[in-house]
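In case it helps, my numbering puts the sequence shown at residues 103 to 300.
Even for Gly, the Cβ is constructed at its ideal location relative to N, Cα and C.
Just so we're clear, the structure is a prediction, and the values are computed from it rather than from any experiment.
Encoded as structure tokens, the structure appears first; notes follow it.
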Amino acid sequence: MNYLAHARLSFRHPQILLGNMISDFVKGKKKLLYPLPIQAGIMLHRSIDTFTDEHPATRQASEIFRPAYRLYSGAFVDVVYDHFLALDKTAFTPGGLLTFSHEVYQQLEQQQQWFPEPFARMFPYMKEQNWLYHYQSHQGIYNSFGGLVRRAAYIDSSEAARELFEKHYQLLESCYRQFWKDVLLFARGEYERLLQDL
């Protein structure tokens, strides 16, 4: 999953949110440097990623991108899922996506002393350009595809991803809808289990 989904699956808990958002920048035992609720968010992120990768709908969606992007196909699906989540009117009540996005940035900013350096460099751009909100637009997704390509070791263009996204839009939306109800249930269970352990 990508940033919007991980934010939504933090269930408005500020420290779980932070851990969920920085997890990709916290490798191995470095998570032990953080307070327990942030560690719980890191672990929640990792559980969600494993569940996502193994879900049949994600595997089906990944096959669309696999011929062009091979091992990176799942990363493109993560971005695509954020697009459909951003358009999902049931996902961000009350207040809608714009309000939710501002709440996320505010909660993260209040804990910025815990930002790993790469996330600290990225966060101002995320907030200023309102990435979470703009996932709903095709241009926002194309920007995310471009960022993925810049970080990847073996791919140099997102043009094929754009074309595949447009061509298979309805199938990808169907995969999202199959997946989202399942990951929401899974993440809620993991979240509640982790809170009990704090």
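C-alpha distance - residue i paired with residue j, whole-angstrom precision
{"i": "Ser149", "j": "Gly242", "result": "26 Å"}
{"i": "Phe225", "j": "Leu106", "result": "13 Å"}
{"i": "Phe217", "j": "Val285", "result": "26 Å"}
{"i": "Ile124", "j": "Gln214", "result": "11 Å"}
{"i": "Leu273", "j": "Tyr227", "result": "31 Å"}
{"i": "His157", "j": "Tyr293", "result": "19 Å"}
{"i": "Arg264", "j": "Ser246", "result": "11 Å"}
{"i": "Gln117", "j": "Pro220", "result": "18 Å"}
{"i": "Phe178", "j": "Ala255", "result": "14 Å"}
{"i": "Pro252", "j": "Asp258", "result": "Per the sequence shown, the amino acid found at residue 252 is Arg instead of Pro. Their Cα atoms are separated by approximately 7 Å."}
{"i": "His108", "j": "Lys129", "result": "17 Å"}
{"i": "Leu287", "j": "Pro196", "result": "19 Å"}
{"i": "His249", "j": "Val181", "result": "The sequence given here places Gly at residue 249; His does not occur at that position. Those two C-alpha atoms are separated by around 11 Å."}
{"i": "Gln208", "j": "Asn232", "result": "12 Å"}
{"i": "Leu120", "j": "Leu210", "result": "6 Å"}
{"i": "Lys172", "j": "Arg279", "result": "The residue asked about is misnamed: residue 172 is Arg in this sequence, not Lys. Each residue's alpha carbon lies about 24 Å from the other."}
{"i": "Glu261", "j": "Gly143", "result": "34 Å"}
{"i": "Lys131", "j": "Asp190", "result": "36 Å"}
{"i": "Ser239", "j": "Leu200", "result": "13 Å"}
{"i": "Lys283", "j": "His270", "result": "21 Å"}
{"i": "Leu300", "j": "Leu138", "result": "7 Å"}
{"i": "Ser164", "j": "Asp126", "result": "20 Å"}
Contacts around residue i, its chain only, beta-carbon distance under 8 Å, and the 5 residues preceding and following it disregarded
{"i": "Leu134", "result": "Gln141"}
{"i": "Ala222", "result": "Gln214"}
{"i": "Arg110", "result": "Leu187, Ala193, Phe194 and Phe202"}
{"i": "Ala170", "result": "Ala262, Ala263 and Leu266"}
Residue i - DSSP class collapsed to helix/strand/coil
{"i": "Met302", "result": "Residue coverage of the chain in this structure runs from 103 to 300, which leaves residue 302 outside it and unanswerable."}
{"i": "Phe194", "result": "coil"}
{"i": "Ser276", "result": "helix"}
{"i": "Val206", "result": "helix"}
{"i": "Tyr256", "result": "coil"}
{"i": "Tyr237", "result": "coil"}
{"i": "His270", "result": "coil"}
{"i": "Gln213", "result": "coil"}
{"i": "Leu250", "result": "helix"}
{"i": "Gln141", "result": "helix"}
{"i": "Asn232", "result": "coil"}
{"i": "Leu341", "result": "In the structure as shown, the chain begins at 103 and stops at 300. Residue 341 is therefore absent and cannot be evaluated."}
{"i": "Leu300", "result": "coil"}
The alpha helix (DSSP H) enclosing residue i, as first and last residue numbers
{"i": "His185", "result": "Ser175 to Leu189"}
{"i": "Lys132", "result": "Unbroken run through Lys132: none, as it is neither H nor E."}
{"i": "Arg161", "result": "Pro158 to Tyr171"}
{"i": "His115", "result": "Here His115 belongs to no alpha helix (DSSP H), and DSSP marks it neither H nor E."}
{"i": "Pro218", "result": "Neither: Pro218 is in no alpha helix (DSSP H) and is coded neither H nor E."}
Own chain, CB closer than 7 Å to residue i, minus 5 neighbours either side, in chain order
{"i": "Thr154", "result": "Met103, Thr160 and Val285"}
{"i": "Phe167", "result": "Ser175, Phe178, Val179, Ala263 and Leu266"}
Beta-carbon contacts of residue i that lie in its chain and below 6 Å, excluding the five residues immediately before and after
{"i": "Gln162", "result": "Cys277"}
{"i": "His236", "result": "Gly242"}
{"i": "Ala289", "result": "Leu111 and Ile150"}
Chain B contact for residue i (CB, 8 Å cutoff)
{"i": "Glu219", "result": "The question asks about chain B, but that chain is absent: this structure has only one protein chain."}
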